[in-house]
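Novice: Before I ask anything, let me first share the structure, which is written out below as structure tokens.
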Amino acid sequence: MWFKNLHIYQLSKPFSFSTKEFSDKLNDFRFNPCGKMSDKSIGWVSPIHRHRDYLIHAASGCILFCMRKEQKMLPASAVKEALEEKVFELEEEFSRKVYRKEKQSIKEDIIALMLPKAFPRSSHIHAYFDTINNRLFINASSAAQVDEFYELLTNTIGSFGAIQLVAEENPASVMSQWIKTQPPENWQLSGEYLLKDPKDERVARFKDQTVNDVGSENHFVNEFIDDGYVLQKLGIRYKSYFRALIQDELQIKSIKFDDELIKENDELNGEDELARFDADFALMTDTLKDFTDDLIKIFKVNSGKK
Numbered sequence: 007m008w009f010k011n012l013h014i015y016q017l018s019k020p021f022s023f024s025t026k027e028f029s030d031k032l033n034d035f036r037f038n039p040c041g042k043m044s045d046k047s048i049g050w051v052s053p054i055h056r057h058r059d060y061l062i063h064a065a066s067g068c069i070l071f072c073m074r075k076e077q078k079m080l081p082a083s084a085v086k087e088a089l090e091e092k093v094f095e096l097e098e099e100f101s102r103k104v105y106r107k108e109k110q111s112i113k114e115d116i117i118a119l120m121l122p123k124a125f126p127r128s129s130h131i132h133a134y135f136d137t138i139n140n141r142l143f144i145n146a147s148s149a150a151q152v153d154e155f156y157e158l159l160t161n162t163i164g165s166f167g168a169i170q171l172v173a174e175e176n177p178a179s180v181m182s183q184w185i186k187t188q189p190p191e192n193w194q195l196s197g198e199y200l201l202k203d204p205k206d207e208r209v210a211r212f213k214d215q216t217v218n219d220v221g222s223e224n225h226f227v228n229e230f231i232d233d234g235y236v237l238q239k240l241g242i243r244y245k246s247y248f249r250a251l252i253q254d255e256l257q258i259k260s261i262k263f264d265d266e267l268i269k270e271n272d273e274l275n276g277e278d279e280l281a282r283f284d285a286d287f288a289l290m291t292d293t294l295k296d297f298t299d300d301l302i303k304i305f306k307v308n309s310g311k312k
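Sequential numbering of the sequence shown, starting at 7, is according to my numbering.
Below is the structure:
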């Protein structure tokens, strides 16, 4: 349940659904497994376990929900080999050339024969609405996953006015200054950097560099910045809560919550599953709320576009 990546959106208007209304809307798009002749299926499942019936988990003004995607994987090499074999047979049998349009038709027939036997691969994307602060947090590792999730959510509840966080100042410039001077209060540099040369796309990666918060950061990193390299990812530590990478578009990657934070609810291990899940969810959302407040203030976040 602990999120590993963050795409954060600010809602332009308050979240208007009750938990029951939201759950009912999700239920209209509940996940169903791929049929024999379909290659993909997307829908909503329980955020705790896909075999549970309920589709949301609500606590402390936050509503957690989950998208499941199932996709059958047909190896391109297998399809290509079967197509080549079929084309060879036809050309040998009828002594004629098989052209592109006919090849495409044969390929479609081959895929139709293979699909029922293909094994599906599934993935899950969790997200939650913070109904108090009117925000949406999506735990996805790529922009493509976010787009797919957002499209399903919009089809489910209609347009809801989510706006991606956009900084008034270039985040890369702001974070570069932290290396030369020092990061904001409650933030530390973790010693991980990714820089790119905008001229020829060369990259420079640094990891586990010696860190000093008062400005004597590893001089190699500063040399690259002075040479025109642009900071694209910066490793940070937020309070004593987690480590993460901040990208230059304010997407948060590779979150690793500290063990001490995760263990705060260990005394609930003897309780039922929902009690521990509820406590962990509340702890995570409180932490990410404070982090997002700081993020908005530090980067002077303005309105942006989906």
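Just so you know, even glycine gets a beta-carbon here, dropped at the ideal spot from N, CA and C. The model shown is predicted, which means the values in this text are computed figures rather than measured ones.
Below 8 Å between beta carbons: does that hold for E175 and F297?
Specialist: In this structure, F297 does not lie closer than 8 Å to E175 by Cβ.
Novice: Tell me whether the beta-carbon of I131 lies closer than 8 Å to the beta-carbon of Q151.
Specialist: Yes.
Novice: Please name the residue in P20, F9 and N11 whose C-alpha comes closest to that of A168.
Specialist: Closest by alpha carbon: P20.
Novice: As an exercise, report each continuous beta strand (DSSP E) stretch of at least 3 residues that is fully enclosed by the segment 180-250, in chain order.
Specialist: For the segment 180-250, whole beta strand (DSSP E) runs of length 3 or above, ordered along the chain, are 193-202, 209-212 and 236-244.
Novice: In chain order, what residues of the same chain have a beta carbon less than 6 Å from the beta carbon of S29, not counting five sequence neighbours either side?
Specialist: Only L61 and I62 meet the Cβ criterion.
Novice: Counting Cβ pairs closer than 8 Å, one from the segment 46-56 and one from the segment 93-100, do we hit at least three?
Specialist: In short, these stretches do not touch, since the Cβ pair count stays below three.
Novice: Which runs of the alpha helix (DSSP H) spanning at least 4 residues fall entirely within the segment 73-114, listed in chain order?
Specialist: Whole alpha helix (DSSP H) segments, 4+ residues: 82-100.
Novice: For a test of the three-state rule: what should DSSP assign to S129, helix, strand or coil?
Specialist: Here S129 sits in strand by DSSP.
Novice: On the criterion of 16 or more Cβ atoms from any shown chain inside 10 Å, does S149 qualify as buried, or is it exposed?
Specialist: Reading the sequence as shown, one finds Ala at residue 149 and not Ser. That one is exposed.
Novice: Would you kindly work out how many angstroms separate the C-alpha atoms of D264 and S44, rounded to a whole number?
Specialist: Each residue's Cα considered, the two are about 42 Å apart.
Novice: What residues match up with V307 in a beta bridge as DSSP calls it?
Specialist: DSSP lists A173 as partners of V307.
Novice: Starting from the Cα of E191, find the closest Cα among I242, V172, I48 and R106 and give me that residue.
Specialist: The shortest Cα separation from E191 among I242, V172, I48 and R106 belongs to I242.
Novice: With DSSP collapsed to three states, give me the class of A150.
Specialist: The answer is helix: DSSP assigns A150 an H, G or I state.
Novice: Would Q16 be called buried (16 or more neighbouring beta carbons within 10 Å of its own) or exposed?
Specialist: Flag for Q16 reads buried.
Novice: From the DSSP output, read off the bridge partner residues of Q257.
Specialist: Q257 is not bridged to any residue.
Novice: Looking at C-alpha atoms only, which residue of S179, S246, Q170 and F155 is the closest neighbour of S196?
Specialist: For S196, the nearest C-alpha among the options comes from S246.
Novice: Look at the alpha carbon of E157 and the alpha carbon of F135, and state the distance between them as a whole number of angstroms.
Specialist: The alpha-carbon atoms of E157 and F135 are separated by roughly 16 Å.
Novice: Would you kindly work out how many angstroms separate the C-alpha atoms of E76 and F226, rounded to a whole number?
Specialist: If I take the Cα positions, the gap works out to 45 Å.
Novice: Distance, Cα to Cα, C40 vs M120?
Specialist: Going by the C-alpha atoms only, they are around 14 Å apart.
Novice: Could you tell me if G49 is buried or exposed, where buried requires 16 or more neighbouring beta carbons within 10 angstroms of its beta carbon?
Specialist: That one is buried.
Novice: Nearest to S47 by alpha carbon, out of S128, D272 and N308?
Specialist: The shortest C-alpha separation from S47 is found at S128.
Novice: Per DSSP, which residues does N145 bridge with? Please list them.
Specialist: Note: N145 sits in a beta bridge opposite H132.
Novice: Could you check where the beta strand (DSSP E) with K46 kicks off and where it finishes?
Specialist: Unbroken beta strand (DSSP E) run through K46: K46 to V51.
Novice: Who are the Cβ neighbours of D286 in its own chain at under 8 Å, not counting the five residues just before and after it?
Specialist: Excluding sequence neighbours, D286 sits near M7, W8, I268 and N271.
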